[in-house]
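Working notes for the structure below.
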Amino acid sequence: MGRSQDDIILPGPETALQRAEHILVVQDATAPGDYIHHRVMHLLHRHSHIPSSLVINKVDLVSQRSDLLELTRILTNGRF
65 MGRSQDDIIL
75 PGPETALQRA
85 EHILVVQDAT
95 APGDYIHHRV
105 MHLLHRHSHI
115 PSSLVINKVD
125 LVSQRSDLLE
135 LTRILTNGRF
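The opening position of the sequence shown corresponds to residue 65 in my numbering, with each subsequent residue numbered one higher.
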């Protein structure tokens, strides 16, 4: 029995971060405000020694610009 695509894809970020010099996080600004993938947050915390950058996609579709500040605060752990 072969491995599913999820079995192959899911460990990918952990493997990549073992050799990463920089982390790039791309977040969809239109995702619900309370939805930030827990795995992304865990990996950022676990690898906080690696420099990281945040890219927020689809900002033109957000009606409340203050929501972007909150999203940024959460994803940067208040360090922006």
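Glycine is no exception: its CB is placed at the ideal position from the N, C-alpha and C atoms.
Measure the C-alpha to C-alpha separation of residue i and residue j and round it to an integer number of angstroms.
| i | j | result |
| --- | --- | --- |
| P147 | L135 | Outside the shown range of the chain, which is 65 to 144, sits residue 147, and nothing can be said about it. |
| R110 | Q128 | 31 Å |
| Q82 | V104 | 15 Å |
| A80 | H102 | 18 Å |
| S112 | S130 | 26 Å |
Mark residue i as exposed unless 16 or more other C-beta atoms lie within 10 angstroms of its C-beta, in which case mark it buried.
| i | result |
| --- | --- |
| L139 | buried |
| L107 | buried |
| Q91 | buried |
Going along the chain, which residues of its own chain have a beta-carbon closer than 8 Å to the beta-carbon of residue i, five neighbours each way excluded?
| i | result |
| --- | --- |
| V126 | A93, T94, L132 |
| P115 | E85, H86, I87 |
| N121 | V90, Q91, D92, A93 |
| V119 | L88, V89, V90, Q91 |
Once you ignore the five residues that flank residue i on each side, which residues in its own chain have a CB closer than 7 Å to its CB?
| i | result |
| --- | --- |
| V123 | A93, L132 |
Can you name, in chain order, every residue of its own chain whose Cβ lies under 6 Å from the Cβ of residue i, other than the five neighbours on each side?
| i | result |
| --- | --- |
| S117 | L88 |
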